[in-house]
Every structure is written in C-alpha cells, then in structure tokens.
Amino acid sequence: MEMPNIRVPQSVKSFIKGSAIAILILLMLIPTAFVSNLIDERAIRQREVSAEVGNKWASAQTLSGPFLYVPFKHSATDAQGKLVETIQYFWILPENLNVTGTIHHQIRTRSIFKVLLYRAELYNKGNFVINIPKDVDPQTIQWSEIRICYGLSDFKGIEERMIIRFNGTDNELSPGLPQQDIADIGLSAAAVLDKEDIGKNISFESKVRIKGSERLHFIPLSGNSAFSLQSDWPSPSFDGNILPSERNLSDSGFTATWIFNKANLPFGTVLKDSSFDERALAFGLTLIQPADQYAKAQRTVKYAILIIGLTFSLFFIVEMMQKRPVHPVQYVLVGMALVIFYTLLLSISEFLSFDIAYLIAMLATIALVALYAKGHFGNWRSAGIFAGILTLLYGFIFVLIRLEDTALLVGSIGLFIILSIAMYASRKVNWYGK
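According to my numbering, the residues represented by the sequence shown are 154 to 587, in order.
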C-alpha cells in the first residue's frame, strides 16, 4: 500500500526553515564565545609581559618628600619610679614645595607585545621653616642625627645620584629611612642643622631622574605645594584622590598642574604623630594605551550576533525571493566564515595596527561570503547585495568601537535604521507561497 503524498504548505516550510535558521544563529554564538575567551587569554598574556618588563625596568612610582627626621631624647618615669630616657622623634615638612617635571614615554617590545614605560626628570625646590613642638626642649634634640628624607617606591628607577642641596650644602641621598611612618621605602642623608636654625627659613632644591612603568604618583607632604608636569604622551589618565586644577591635552602631549595649601590638607608642617593615611592623598597620572587591540577586538565580538543574524536573514530572504533553497549546512559554513573574521582580526592586530587589521579581515570575509553567494544563486547581483550589506554592517561596527560616550546612542539609532531597512526589503517576500 503506497503512502499518500502529503503536500506540505509553503507557509509551513517557511516557518520550519525560519525556525531552523534562528536556532543556527544561536548555535553560532558558541564559537564566538570561544573567540572571546581567546581574546581574554591574549590580553592576560600581554599584562603578564607588561608586568615582567616593568619589574625589570622599574615598577609604578610613588614619590614623597623631602621631609626632615628630627630625633630627641625623652625622659619619663617608669612604674618603678626610675627615670628612663628614650629616643623619640618628630617630622618637619616643607613650608613650600614646587615640583616641575617632564615625562618621556618609551615603548618596549617583548615578542609581539608592546609595553609602555617612562622616564621622568623632576626638579624640587622649596623651603623649610624649622619649628619644633612646644613640648620638646631644643636642648634634647640630637641635632647631629637629623636626616633629610625622600620617599619612592622602587629603587631600580633611580637613574643617577640623588643630591639635594639643603641649607647651602649638597647632600647625597642613600637608601634607607630612619623610620617608616611617612614612607615605607626611600632615601635619606644627614642634614646640617643646629638650635640656632630654629625659626629660620632653610631652602632646598634637588633634581630627580627616575624611570617607571605606566603610573607616577606623588604625595603632597608640604604646607603649600604646586606640581607641574608635562609629557609627550597624549593619553594620560589623571587618577588618585585629587584631579589637576589645570590641564591641557593635545595630540602632542599634555600639561597638568596640581596646587595645594594648608587649608585643604589634614596636617601641619610639624608632625609628632603621623596619624593620617598619606597614601590616601596620593595623586598623579597613569600613561595608558587607549583601547588597545584586545579591548577593541572584545568590543567587536559583542556585535557578532548582529552580523550573523542579519547575514542569515539576508540569505533566507534572497532564497525565498529567488526560490533557490540554501541548505542548513551552507548556513553553518557561512556562519563559520563570519566567526573566522574575529580570529583574523585578533591575530593580524597583534602585528599591524587595529584599523588595518580590521580592514584586511573585513575585505577577506566579505569577498568569501559574496563569492559563495554568487556560486549558489548563480548571479553577480546577489553577490553584490551581500557585499554591499556586509560592508555597511562592518563599517557601522567599526564606527561604534571607535566611539566611547556616544556608542550606545549611535548604536541604538543604527540598529533601528538597519531593522527598518530589513523590514522594508522583506515586504515583497511571498511568505505563504500564494
């Protein structure tokens, strides 16, 4: 007995085919997730290389000083009534401090990765007012043990002898601090003072040449201070707890100025107890590489569903209009071609600039899909349609990843326009086969 020949309505066929394509679109997001993980792995590897190079060059620097360490003898009676003499100390901070500096960036290459480093030349100038706490007898001060100190994070960054001219005498700083209240790591030198200097203004000046990786911070340990920096790097990130009072950014670099006074700092210039968190006052800048290739590639992958979905939809509409069915396997092949775009983009961008890598990957993918469409539908008109639509889509995404604050607005408007065009183009499709 022969089975009856059941004729499936065209509307049912279209629904089944459309549902299958929707499922394929979702399935194609699986390989894009693997591509996203690959991008993260390469970005992590770049950070590891940056940290390795930075540790050998010099790490991020945090600078403070100069400041004076002043020890004195303190006598007190213990529980047994005996007079016990101990050594205590206090700090004297500058009354005025002016820091001017120039920062020069350097790009070092390790394998295929680029690491951003810097060299800085800083000029410190100012004065101390030698005051002592009211409860300290000048006779108990150990004047020969007074030291002038300078704090910094990484000794490897010191490029030349650090000499500070204090009270008319040049003093060479050497590693080590007498106490770690204000800075954990730093340098110090003997400072020539005596009780005749109490109440006097003592000037100082120094030149500091250091190197570091990416970040340069300062701690404003002074009654009144001004920090002025300039650099040839055009992309700084001003961070820390205090932003510059003045700044100027351009393609050739930047200048920035921070100004402090006694009214907006939580300490005086004479400290017996460093009870505040000095690092909470740290400010400065980080030299950043704006939107590197991994960040841009990751942003591009986020639009994969748009490219795959619209390309599959276009194939479906064209096959309905030309009555040339496209097999699900063919959809998968086209989807894989669209996914390989992201691996091409990632791998090429590690050797060339991101813009050039995007162009090469885009042209290769568009040519592949357009030629495949020509081979299936048998005419160059269909290939031209696919090439034109994909060019517009990839161009639109390229614009989005170059934008920052307005990316959401432009993306929303663009998607609305793309959906409108798709709805308009599909108005003549005979979905029901009548």
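Heads up, the beta-carbon is just placed ideally off N, CA and C, and yes, glycines get one too.
* Measuring CA to CA, which of 233, 574, 334 is closest to residue 97? -> Nothing about residue 97 can be reported from this structure: the residues present for the chain run from 154 to 587 only.
* With a threshold of 16 other CB atoms inside 10 Å of the CB of residue 300, please say whether the residue is buried or exposed. => In the sequence shown, counting from the first residue as 1, residue 300 sits at position 147. With 16 or more Cβ atoms within 10 Å of its Cβ, residue 300 is classed as buried.
* What are the start and end residues of each continuous beta strand (DSSP E) run of 3 or more residues lying completely inside the stretch 266-322, in chain order? -> DSSP runs (the beta strand (DSSP E)) wholly in the stretch 266-322: 266-282, 300-304, 316-319.
* Asked: Just how far apart, CA to CA, sit residue 542 and residue 176?
  -> To locate residue 542, count along the sequence shown from 1; it is residue 389. To locate residue 176, count along the sequence shown from 1; it is residue 23. Straight across, the Cα-Cα distance linking residue 542 with residue 176 is about 22 Å.
* Asked: Among 318, 526, 424, which one has its Cα closest to the Cα of residue 286?
  -> Locating residue 286 in the sequence shown gives position 133, counting from the first residue. Residue 286 has its Cα closest to that of 424, out of 318, 526, 424.
* To do: From the DSSP output, in three-state form, read off residue 331 for me.
  => On the sequence shown, residue 331 is found 178 positions in, with the first residue counted as 1. In the structure shown, residue 331 falls within a coil segment according to DSSP collapsed to helix, strand and coil.
* Take residue 544 and list the residues in its own chain whose beta-carbon comes closer than 7 Å to its own, dropping the five residues that flank it on each side. => Locating residue 544 in the sequence shown gives position 391, counting from the first residue. Leaving aside the five residues that flank residue 544 on each side, the residues in its chain whose CB is nearer than 7 Å to its CB run, in chain order, 519.
* Unbroken stretches of the alpha helix (DSSP H), 4 residues or longer, contained in the stretch 171-233 -> Whole alpha helix (DSSP H) segments, 4+ residues: 182-210.
* Asked: Nearest to residue 309 by alpha carbon, out of 295, 498, 220, 364?
  -> On the sequence shown, residue 309 is found 156 positions in, with the first residue counted as 1. That would be 364, whose Cα lies nearest to the Cα of residue 309.
* Using CA coordinates, which residue listed in 337, 254, 293 is at the minimum distance from residue 379? -> Within the sequence shown, residue 379 is the residue found at index 226, counting from 1. When only C-alpha atoms are compared, the closest one is 254.
* Asked: Can you tell me whether residue 532 is buried or exposed, with buried defined as 16 or more other CB within 10 angstroms of its CB?
  -> Walking along the sequence shown from the start, residue 532 turns up at place 379. Around the beta carbon of residue 532, fewer than 16 other beta carbons sit within 10 angstroms, so the residue counts as exposed.
* **For residue 461 and residue 491, believed in contact at Cβ under 8 Å, the rounded distance** => Position 338 of the sequence shown, counting from 1, holds the residue named residue 491. Position 308 of the sequence shown, counting from 1, holds the residue named residue 461. Your pair residue 491 and residue 461 checks out as a contact, with CB atoms roughly 5 Å apart and the cut at 8 Å.
* Excluding the five sequence neighbours on either side, which residues of its own chain have a C-beta within less than 8 Å of the C-beta of residue 230, listed in chain order? -> Position 77 of the sequence shown, counting from 1, holds the residue named residue 230. Close CB contacts of residue 230 within its chain, under the 8 Å cut and outside five residues either way in sequence, are with 236, 237 (chain order).
* Starting from residue 409, follow the beta strand (DSSP E) in both directions and report where the run begins and ends. => The count along the sequence shown starts at 1 and reaches residue 409 at position 256. From DSSP, the beta strand (DSSP E) with residue 409 extends over 406-413.
* Three or more beta-carbon pairs under 8 Å between the stretch 445-458 and the stretch 190-199, yes or no? -> Here the stretch 445-458 makes contact with the stretch 190-199; the two share three or more CB pairs at distances below 8 Å.
* On the three-state DSSP scale, how would you describe residue 364? -> Taking the sequence shown and counting its residues from 1, one reaches residue 364 at position 211. The DSSP-derived three-state label of residue 364 is strand.
* residue 345 versus residue 361: straight-line alpha-carbon distance, rounded -> The residue labelled residue 345 in the question sits at position 192 within the sequence shown. The residue labelled residue 361 in the question sits at position 208 within the sequence shown. Spanning the alpha carbons of residue 345 and residue 361 requires a straight line of approximately 21 Å.
* Assign residue 576 to buried or exposed, taking buried as 16 or more other Cβ atoms, counted over all protein chains shown, within 10 Å of its Cβ. => Reading the sequence shown from its first residue, position 423 is the one you call residue 576. Around the CB of residue 576, fewer than 16 other CB atoms lie within 10 Å, so the residue is classed as exposed.
* Asked: Can you give the beta carbon distance from residue 394 to residue 355, rounded, assuming they're within the 8 Å contact cut?
  -> The residue labelled residue 394 in the question sits at position 241 within the sequence shown. The residue labelled residue 355 in the question sits at position 202 within the sequence shown. Incorrect: roughly 30 Å between the Cβ atoms, too far for contact.
* To do: Note down, one range per segment and in chain order, each alpha helix (DSSP H) of at least 4 residues found wholly within the stretch 496-542.
  => Runs of the alpha helix (DSSP H) spanning 4 or more residues and lying entirely within the stretch 496-542 occur at 507-530, in chain order.
* Hey, is the stretch 461-480 in contact with the stretch 493-504, meaning 3+ C-beta pairs nearer than 8 Å? -> Contact between the stretch 461-480 and the stretch 493-504 is absent, with fewer than three C-beta pairs closer than 8 Å.
* By Cβ distance below 7 Å, which residues in the same chain neighbour residue 481 in space, the five residues on each side in sequence not counted? -> Here residue 481 is taken as the residue at index 328 of the sequence shown, counted from 1. These residues qualify, in order along the chain: 173, 177.
* If you drop the 5 nearest sequence neighbours on each side, which residues of the same chain put their C-beta closer than 7 Å to that of residue 526? -> Residue 526 sits at position 373 when you count from the first residue of the sequence shown. Around residue 526: 535, 536, 539.
* Quick one: grab the DSSP three-state call for residue 446. => Here residue 446 refers to the residue found at position 293 of the sequence shown. DSSP places residue 446 in helix when its eight states are reduced to three.
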